[in-house]
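Heads up: the structure comes next, in structure tokens.
2 protein chains.
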Amino acid sequence: MKVSIMSYSSSLSELLESIGAKEGSKLLVESEGRSFAGILMPHHDFSGEDIIVIKLKSGYNVGIRIGQDSAVKVLEHPEPKVKNKAPAERKEGLPNISLIATGGTIASNVEYRTGAVRPALSVSDLADSAPEMRGAANISGRALFSIFSENMNAEHWQELAAAVAEEINNGADGVVISHGTDTMGYTAAALSFMLGDVPKPVVIVGAQRSTDRPSSDAPSNLTAAVRFCVKGGKAGVFVVMHEALGDDSFAVHIGTRVRKMHTSRRDAFQSINVRPAALLDKDGNMKLTSEGRNIASGKAAARTKMERSTILLQYYPGMDPSLFENAMMKSKGIVIAGSGLGHVNEEMIRLIKKACDNGSLVVMTSQCLGGRTNLNVYKTGRDILSAGAIAVLDMLPETAYVKLMWALANADNVDEAKRLMMTPLAGEMSDRRSVDV
Amino acid sequence: MKVSIMSYSSSLSELLESIGAKEGSKLLVESEGRSFAGILMPHHDFSGEDIIVIKLKSGYNVGIRIGQDSAVKVLEHPEPKVKNKAPAERKEGLPNISLIATGGTIASNVEYRTGAVRPALSVSDLADSAPEMRGAANISGRALFSIFSENMNAEHWQELAAAVAEEINNGADGVVISHGTDTMGYTAAALSFMLGDVPKPVVIVGAQRSTDRPSSDAPSNLTAAVRFCVKGGKAGVFVVMHEALGDDSFAVHIGTRVRKMHTSRRDAFQSINVRPAALLDKDGNMKLTSEGRNIASGKAAARTKMERSTILLQYYPGMDPSLFENAMMKSKGIVIAGSGLGHVNEEMIRLIKKACDNGSLVVMTSQCLGGRTNLNVYKTGRDILSAGAIAVLDMLPETAYVKLMWALANADNVDEAKRLMMTPLAGEMSDRRSVDV
Chain A
1 MKVSIMSYSS
11 SLSELLESIG
21 AKEGSKLLVE
31 SEGRSFAGIL
41 MPHHDFSGED
51 IIVIKLKSGY
61 NVGIRIGQDS
71 AVKVLEHPEP
81 KVKNKAPAER
91 KEGLPNISLI
101 ATGGTIASNV
111 EYRTGAVRPA
121 LSVSDLADSA
131 PEMRGAANIS
141 GRALFSIFSE
151 NMNAEHWQEL
161 AAAVAEEINN
171 GADGVVISHG
181 TDTMGYTAAA
191 LSFMLGDVPK
201 PVVIVGAQRS
211 TDRPSSDAPS
221 NLTAAVRFCV
231 KGGKAGVFVV
241 MHEALGDDSF
251 AVHIGTRVRK
261 MHTSRRDAFQ
271 SINVRPAALL
281 DKDGNMKLTS
291 EGRNIASGKA
301 AARTKMERST
311 ILLQYYPGMD
321 PSLFENAMMK
331 SKGIVIAGSG
341 LGHVNEEMIR
351 LIKKACDNGS
361 LVVMTSQCLG
371 GRTNLNVYKT
381 GRDILSAGAI
391 AVLDMLPETA
401 YVKLMWALAN
411 ADNVDEAKRL
421 MMTPLAGEMS
431 DRRSVDV
Chain B
1001 MKVSIMSYSS
1011 SLSELLESIG
1021 AKEGSKLLVE
1031 SEGRSFAGIL
1041 MPHHDFSGED
1051 IIVIKLKSGY
1061 NVGIRIGQDS
1071 AVKVLEHPEP
1081 KVKNKAPAER
1091 KEGLPNISLI
1101 ATGGTIASNV
1111 EYRTGAVRPA
1121 LSVSDLADSA
1131 PEMRGAANIS
1141 GRALFSIFSE
1151 NMNAEHWQEL
1161 AAAVAEEINN
1171 GADGVVISHG
1181 TDTMGYTAAA
1191 LSFMLGDVPK
1201 PVVIVGAQRS
1211 TDRPSSDAPS
1221 NLTAAVRFCV
1231 KGGKAGVFVV
1241 MHEALGDDSF
1251 AVHIGTRVRK
1261 MHTSRRDAFQ
1271 SINVRPAALL
1281 DKDGNMKLTS
1291 EGRNIASGKA
1301 AARTKMERST
1311 ILLQYYPGMD
1321 PSLFENAMMK
1331 SKGIVIAGSG
1341 LGHVNEEMIR
1351 LIKKACDNGS
1361 LVVMTSQCLG
1371 GRTNLNVYKT
1381 GRDILSAGAI
1391 AVLDMLPETA
1401 YVKLMWALAN
1411 ADNVDEAKRL
1421 MMTPLAGEMS
1431 DRRSVDV
């Protein structure tokens, strides 16, 4: 019996074997008058038996029906993977940067080619992908997870914060975390609150294109992240990603103020309501645009407790409170991304009151993302305040969700949690005193 | 017994009466070493008996404790309202524009001063606030609602769409709708689907500052809206608001592609994933930047059926499906603003499958707002597709919510609704064929 190649049917396996195609091969497939070039992907469970799946240069997968008049040939064989390379030599006088890998596109070279479940690029492969990074610091690394960031939750944030503190307390001058971009902003916010006044730079970095694509932003983002750690002089939690479409400028965002604003562009990450903390060019020249805390000596501590009974809801016209009563009455913390200055309809105000009376903490933010909530301008807002909710100025809804989990778990009672929510702790909101009246 | 002034306590009412203060008076209040100037607001139920509330020039309300050493005096009395002004004369040769008022800040002159529940500026007051508008067209008007837009729902959209069709079928060359900004994007999307290939321009317009403030953007937005109706030559549903902070440029947004992106700035409204349909300067010079449909003859028809059993959820890390099972299993339509390309965690994928198996239509969008969803790139996406959900390219989550209500109500079955969701009907998404593969 023939062995199936990448789960393909026996006839397709036979065809692929006859032309020497294997995992990672680049094929030219001609069928029904069209031709496609791309990397061979495994059989997809939901595709027919006669369909070959290839990943095009654009990153999209296509399934092509192979019939009588189809032709398939191998354009390129995959490069053999070099194993057991010697570890990079330690250079005297360079700072020590610890690289923690968590998964995501930035580490998904192999996954991207094969369509397998898990991102899987070793930390050393990751470090080797950016030689300039090796020149700027001694890089040591560890892989903590290998997951796509949409599957991260508070437990991952807790483990990650503890690992960062450990690296710093073991002598790292900075920590770079490679991370999927989907929920990078949420993780950055979580680390910001958990690590508090961390004395060193902690920089989360990702990629919108995997490292196996010529257009990958992974190496340049990694390099910029390490350079900021080494030369930025700032402590705290940051996100470093492309500032523009080219490979020549990078933005350092404050961890509590950053949001993924595009599904695919390399400059998807943007600071909301503040300027980035710093900008870097391709040679590592740096323009610091924010004050921030300076690097200090001292230990890092991770306060990682989180109240998981917390939800985030977006308000929309016609929102029916009866459908959300279950979620709201069962949750200790509720963040609502209201309309405009932080509004909801009259029916939802009654549910907010019920939740507050029940002991929940309800926090209003704005789905506008830009600007400040203010519940004092209109009657709707004043009614929401009377119902017991609070508003958190210009804090992002996503950051408010993460902070609320943290505040509820680290405060002794709801009133103290409320006070924490209203106080800027990690650059996440403007100081209330700076609001013009 | 003395009559209470604006619900104030008898002692404060006495004080206010003694100085001749009344609704709308501008006061100077000196108390505890500070002084405040602003419009007298009614007593607030949750304020103490000795607190006077005034609205500062900035729009914020402050409560000031009145004690022994306080001084209150009237700076300005409110201008008497002129009633029964003669209607503007009809000018031959000018196009007929119908103005429909629905409420919101743009029509909240009186409300803003008194803190009363309802925005309340007559249509004729509204038209008179922008004399340039009167010069460009014959304006006739009707007030349909007088509510803040956060309280609008599908029934309001239905009534509004029917009113617009009626105005056009009665001879209007264009319809301008004044609307609160909070949910203006949702209403614009609803009218876009309900009015289909409407032969005339329908322009929704709002204001971030009420008409009683010198900095109000209401008159200039109204004027730009009328000018676009008269000179734009384009049919369809649009939103016209400031393009920049000054009073000298205006953007005409496609109704299905616009989103309020700032709580307070005059340039809060932005086109997402497309350029605005047109830009206007302060003199009415116009730059059309999009193709669009041309004005035509023919009647307008409103297909206003909406499936109210539709919800919008934002995905976030740690989202617990057990809290949303009730809402999802009871809803015929579910839009999820997923992370990145349209992702959720593995637990939520199981709930999506359950909802789809139950006959619901689940539509994936992206909380990034910018860019296209694509469920073919990663395993997470492919699992979501297998669960039965669909993704709608670069459609905004809010637009997808409105379109899903419309599609479910106007299709014969879920499959047809799915097909409608995947087909561009009113500029709300890129054509699938234009996606690069």
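Going line by line, the protein sequences match chains A and B.
Positions 1 to 437 (this note's numbering) are the ones given, in order, by the first sequence.
Positions 1001 to 1437 (this note's numbering) are the ones given, in order, by the second sequence.
Heads up, the beta-carbon is just placed ideally off N, CA and C, and yes, glycines get one too.
Inset, instruction - Tell me where the alpha helix (DSSP H) around B/M1071 begins and ends. - result: It is worth fixing the name first, because residue 1071 of chain B is Ala in this sequence and not Met. Unbroken run through B/A1071 is the beta strand (DSSP E), 1071 to 1076; no alpha helix (DSSP H).
Inset, instruction - Can you pull the chain B residues whose beta carbon is under 8 Å from the beta carbon of A/A71, in chain order? - result: One finds nothing in chain B with a Cβ atom closer than 8 Å to the Cβ of A/A71; even the nearest lies about 20 Å away.
Legend entry - Members of the region 272 to 285 of chain A near chain B, C-beta cut-off 8 Å: Taking 8 Å as the Cβ-Cβ cut-off against chain B, none of the residues of the region 272 to 285 of chain A qualify.
Legend entry - A/L75, buried or exposed, once every other Cβ within 10 Å from all chains shown has been counted against 16: Exposed.
Inset, instruction - Examine the Cβ distances between the region 1173 to 1185 of chain B and the region 1088 to 1098 of chain B and report whether three or more of them are shorter than 8 Å. - result: Contact between the region 1173 to 1185 of chain B and the region 1088 to 1098 of chain B is present: three or more C-beta pairs spanning the two stretches fall below 8 Å.
Inset, instruction - Quick one: which residues of the region 1183 to 1216 of chain B get their C-beta closer than 7 Å to a C-beta of chain A? List them in chain order. - result: Going along the region 1183 to 1216 of chain B in chain order, one finds T1183, Y1186 with a Cβ nearer than 7 Å to chain A.
Legend entry - For B/Q1158, the three-state DSSP class (helix, strand or coil): In the structure shown, B/Q1158 sits in a helix (DSSP, three-state: H, G or I).
Inset, instruction - Give me the Cα-Cα distance between A/P201 and B/L1288, rounded to the nearest whole angstrom. - result: Here the alpha carbon of A/P201 sits roughly 48 Å from the alpha carbon of B/L1288.
Inset, instruction - Work out the CA separation of A/S122 and A/N84 for me, nearest whole Å. - result: With a pLDDT of 44 at A/N84, under the threshold of 50, the modelled position of this residue cannot be trusted, and the question is left open.
Inset, instruction - Can you give me the Cβ contacts of B/A1337 inside the same chain, cut-off strictly under 6 Å, excluding the 5 residues immediately before and after it? - result: Listed in chain order, the non-local C-beta contacts of B/A1337 below 6 Å within the same chain comprise Q1314, T1365, Q1367, P1397, local neighbours out to five positions each way being set aside.
Inset, instruction - Note down, in chain order, each residue of its chain lying with its Cβ closer than 8 Å to the Cβ of B/I1005, except the 5 sequence neighbours on either side. - result: The answer, listed in chain order, is L1012, S1013, L1016, E1017, A1021, K1022.
Legend entry - Start-to-end residues for the alpha helix (DSSP H) that takes in A/F228: Residues 218 to 231.
Legend entry - Residues, ordered as in the chain, of the region 1292 to 1320 of chain B that lie near chain A by beta-carbon distance below 9 Å: So the list reads M1306, R1308, S1309, T1310, I1311, L1312, L1313, Q1314, Y1315, Y1316, P1317, G1318, M1319, D1320, given in the order they occur along the chain.
Inset, instruction - Please look up how many angstroms separate the CB atoms of A/M261 and B/L1369, rounded, as I've assumed it's under 8 Å. - result: A Cβ-Cβ distance of about 6 Å is found for the pair A/M261 and B/L1369, placing them in contact under the 8 Å criterion.
Inset, instruction - List the residues of chain B whose Cβ lies closer than 8 Å to the Cβ of A/E23, in chain order. - result: Going along chain B, no residue has its Cβ under 8 Å from A/E23, so there is no contact; the nearest lies around 16 Å.
Legend entry - Whole runs of the beta strand (DSSP E) within the region 1167 to 1218 of chain B, excluding any shorter than 3 residues: Counting only runs of 3 or more, we get 1174 to 1178, 1201 to 1205.
Inset, instruction - Give me the Cα-Cα distance between A/R113 and A/V198, rounded to the nearest whole angstrom. - result: Any reading at A/R113 must be qualified, since the residue scores a pLDDT of 40, below 50, and its modelled position is unreliable; no value is offered.
Legend entry - Residues that B/K1403 contacts on chain A, provided the C-beta gap is smaller than 7 Å: Ordered by position in chain A, no residue passes the 7 Å Cβ test against B/K1403, which lies about 13 Å from the chain.
Legend entry - Residues that B/V1123 contacts on chain A, provided the C-beta gap is smaller than 9 Å: Neighbours of B/V1123 on chain A: none; closest Cβ ~21 Å, over 9 Å.
Legend entry - B/M1194 vs B/T1304 beta-carbon contact at 8 Å: When the beta-carbon positions are compared, B/M1194 and B/T1304 come within less than 8 Å of each other.
Inset, instruction - Can you tell me which of the three DSSP states B/N1294 falls into? - result: Reduced to three states, the DSSP call for B/N1294 is strand.
Inset, instruction - Give me whichever residues DSSP pairs with B/G1333 in a beta bridge. - result: Its beta-bridge partners are B/T1310, B/L1361.
Inset, instruction - Compute the distance between the beta-carbons of B/S1271 and B/V1258, then report whether it is under 8 Å. - result: The answer is yes: Cβ separation under 8 Å.
Inset, instruction - Taking only beta carbons into account, state which residues of the region 364 to 381 of chain A come closer than 9 Å to chain B, listed in chain order. - result: Within the region 364 to 381 of chain A, the qualifying residues are S366, Q367, C368, L369, G370, G371, R372, T373, N374, N376, V377, Y378, K379, T380.
Legend entry - A/G255 beta carbon less than 8 Å from that of A/L323: No, these two residues do not count as a Cβ contact at 8 Å.
Legend entry - Same chain, Cβ closer than 7 Å to A/D431, neighbours up to 5 away in sequence not counted: Here the set comprises P424.
Inset, instruction - Quick one: list the residues of chain A neighbouring B/K1330, beta-carbon separation under 8 Å, in chain order. - result: The CB of B/K1330 comes closer than 8 Å to the CB of L323 in chain A, given here in chain order.
Legend entry - Neighbourhood of B/S1216 by C-beta, 7 Å cutoff - its chain only, sequence neighbours within 5 removed: Excluding residues within five positions, the ones whose Cβ falls inside 7 Å are A1207, R1209, S1210.
Legend entry - Given 8 Å, three or more beta-carbon pairs between the region 1384 to 1400 of chain B and the region 1289 to 1300 of chain B: Flag = no, the region 1384 to 1400 of chain B and the region 1289 to 1300 of chain B do not touch.
Inset, instruction - Spell out whether any CB of chain A is found under 8 Å from the CB atom of B/K1418. - result: Not one chain A Cβ lies under 8 Å of B/K1418.
Inset, instruction - Tell me, please, whether the CB atom of A/T256 is closer than 8 Å to any CB atom in chain B? - result: No, its Cβ sits nowhere closer than 8 Å to a Cβ of chain B.
Inset, instruction - Could you tell me whether the Cβ of A/E132 comes closer than 8 Å to any Cβ of chain B? - result: False, the Cβ-Cβ gap to chain B never drops below 8 Å.
Inset, instruction - Using beta-carbon positions only, say whether B/A1224 and B/I1204 come within less than 8 Å of one another. - result: No.
Inset, instruction - Could you check which residue in A/D394, A/E243, A/A302, A/N151 has the C-alpha nearest to that of B/M1441? - result: Outside the modelled stretch of chain B, which goes from 1001 to 1437, sits residue 1441 of chain B, for which no answer is possible.
Legend entry - A/M319 versus B/I1311 - alpha carbon distance: Rounded to whole angstroms, A/M319 to B/I1311 spans 7 Å at the Cα level.
Inset, instruction - Pull up the DSSP beta-bridge partners for A/D281, would you. - result: DSSP output for A/D281 lists A/S249 as bridge partner(s).
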